[in-house]
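Number of protein chains: 2
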Amino acid sequence: MALDRKDLAILAELTANARASHTELASKVGMSSTALARRQKALEDDGYIQAYQAALDLAQFGLTTTVLVRIALESQSDEALKAFEAEVVKCPSVVRCFLMSGTDDYILIVLARDIQDFERIHRTELSRLPRVARVQSSFALREVVNRAVPTVVFGEAKR
Amino acid sequence: MALDRKDLAILAELTANARASHTELASKVGMSSTALARRQKALEDDGYIQAYQAALDLAQFGLTTTVLVRIALESQSDEALKAFEAEVVKCPSVVRCFLMSGTDDYILIVLARDIQDFERIHRTELSRLPRVARVQSSFALREVVNRAVPTVVFGEAKR
DNA sequence: TCTCCCTCGGCACACCGACACGCATCTTGA
DNA sequence: TCAAGATGCGTGTCGGTGTGCCGAGGGAGA
Numbered sequence: 001m002a003l004d005r006k007d008l009a010i011l012a013e014l015t016a017n018a019r020a021s022h023t024e025l026a027s028k029v030g031m032s033s034t035a036l037a038r039r040q041k042a043l044e045d046d047g048y049i050q051a052y053q054a055a056l057d058l059a060q061f062g063l064t065t066t067v068l069v070r071i072a073l074e075s076q077s078d079e080a081l082k083a084f085e086a087e088v089v090k091c092p093s094v095v096r097c098f099l100m101s102g103t104d105d106y107i108l109i110v111l112a113r114d115i116q117d118f119e120r121i122h123r124t125e126l127s128r129l130p131r132v133a134r135v136q137s138s139f140a141l142r143e144v145v146n147r148a149v150p151t152v153v154f155g156e157a158k159r
Numbered sequence: 001m002a003l004d005r006k007d008l009a010i011l012a013e014l015t016a017n018a019r020a021s022h023t024e025l026a027s028k029v030g031m032s033s034t035a036l037a038r039r040q041k042a043l044e045d046d047g048y049i050q051a052y053q054a055a056l057d058l059a060q061f062g063l064t065t066t067v068l069v070r071i072a073l074e075s076q077s078d079e080a081l082k083a084f085e086a087e088v089v090k091c092p093s094v095v096r097c098f099l100m101s102g103t104d105d106y107i108l109i110v111l112a113r114d115i116q117d118f119e120r121i122h123r124t125e126l127s128r129l130p131r132v133a134r135v136q137s138s139f140a141l142r143e144v145v146n147r148a149v150p151t152v153v154f155g156e157a158k159r
């Protein structure tokens, strides 16, 4: 299934304002609400839209510190990976975890209130992860780009 | 302003389903739609909720490859940072960019269709960034955790 | 301890808008 | 040229949303 530029316009609008009504979206995209409703439903049914979610301002919750954590395991055996991953999903401060190629086995993105709070997280969450050989943390000083969707998605018009 | 557990329940519901109506949310959280509407509006006005956005399934768009790119600049002068950042925000395949402490100056998260596509991105987007001394890429083999909000947020009940 | 006040929650109602249908028209592709 | 899918308009029904009012609970002050 190919998406035309109207579909992409709908998706772009919905990524910016997921609560917009059919009428509202229709006027923005430039079509009738009937056609828009049909296309939106098709986009949902075909799985292009996974969910509609509220974006919280994490700074309001005091989570102003982003830390990138590089982790190397003692062994890359399947059992060690499984044991590590089963525990890392339970860490409440971890928002992302990638299994990586290269020297580092995993890269985590951790959100903390401040540096002292990260020390606590390091002690109560990270240091308890199994099979870890080495942990290396880098602090993000500033977030230059933060997009949910790469702009390249909205640029590929097919029709 | 302190949030009680009902506020957190509302936020948790909205991060899972942002299009839920007042009536729907009210029954889930266990209160009347009137009270819920008041609280939801307060959460929006106080900035806890930044936006409502549709989450796209990027795999449906063929973006299955995540790459972490470490970039070191030739110099850390204010002018070099500004020049680099002004260009990196224009890269359509970059979804995140952090200014980092430590040896690497910037860390980017790039989405690509596959490895060949990343080669193209490297050539057309990354290698054109100004003042870059060194670029080092690591491929994510798998995404173990991907949360928009750390679960720790919904755990801190105040009242 | 009593009382006052303030805040929050719940109920009822009315209004407004969204949503889903049917049908005619148009465009696209073969 | 024809057929099939997409579009747009109109309409009716349904549901959500917002408001006003009342009651309950808790805190403060006398």
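As you go down the protein sequences, you meet chains A and B in turn. Oh and the first sequence: position 16 is 16 in the numbering used here, straight run, nothing missing. Oh and the second sequence: position 133 is 133 in the numbering used here, straight run, nothing missing. All C-beta atoms, glycine included, are put in the ideal place defined by N, C-alpha and C. Please read these numbers as outputs of a predicted model, since none were measured by experiment.
query	result
Starting from valine 110 (chain A), follow the alpha helix (DSSP H) in both directions and report where the run begins and ends.	Here valine 110 (chain A) belongs to no alpha helix (DSSP H); instead the beta strand (DSSP E) covers 106 to 112.
Are the C-beta atoms of serine 75 (chain A) and some chain B residue less than 8 Å apart?	no
Less than 8 Å between the C-beta atoms of glutamine 53 (chain A) and alanine 148 (chain B), yes or no?	yes
Assign valine 94 (chain A) to buried or exposed, taking buried as 16 or more other Cβ atoms, counted over all protein chains shown, within 10 Å of its Cβ.	buried
Could you give the DSSP three-state label for glutamate 143 (chain B): helix, strand or coil?	strand
With a cut-off of 8 Å on the beta carbons, I'd call leucine 141 (chain A) and methionine 100 (chain B) a contact; round off their distance for me.	7 Å
According to DSSP, is alanine 42 (chain A) helix, strand or coil?	helix
Starting from phenylalanine 118 (chain B), trace the beta strand (DSSP E) both ways and give me its first and last residue.	Unbroken run through phenylalanine 118 (chain B) is the alpha helix (DSSP H), 115 to 124; no beta strand (DSSP E).
If you reduce the DSSP assignment to three classes, tell me which class threonine 151 (chain A) lands in.	helix
Thinking C-alpha only, which one of A:Ile10, A:Phe61, A:Leu58 and A:Val132 is nearest serine 27 (chain A)?	A:Ile10
Name, please, each residue of chain B whose Cβ falls closer than 7 Å to the Cβ of aspartate 57 (chain A).	Gly47, Tyr48 and Gln50
What whole-angstrom Cβ distance do valine 144 (chain B) and phenylalanine 98 (chain A) have, given they're in contact under 8 Å?	7 Å
Suppose you measure from the CA of aspartate 78 (chain B) to the CA of phenylalanine 84 (chain B); what does that come to, to the nearest Å?	10 Å
Please report how far the alpha carbon of alanine 80 (chain B) lies from the alpha carbon of proline 130 (chain B), in whole angstroms.	8 Å
Whose C-alpha, out of B:Leu25, B:Ser21 and B:Arg19, is nearest the C-alpha of leucine 8 (chain B)?	B:Leu25
Taking 8 Å as the cut-off, decide whether the C-beta atoms of threonine 65 (chain A) and aspartate 114 (chain A) are in contact.	yes
When the Cα atoms are used, what is the spatial distance from arginine 96 (chain B) to alanine 12 (chain B)?	24 Å
Is the beta carbon of valine 67 (chain B) less than 8 Å from the beta carbon of serine 21 (chain B)?	no
Helix, strand or coil, according to DSSP, for serine 101 (chain B) in the structure here?	coil
Within this structure, are the beta carbons of isoleucine 71 (chain B) and aspartate 104 (chain B) separated by less than 8 Å?	yes
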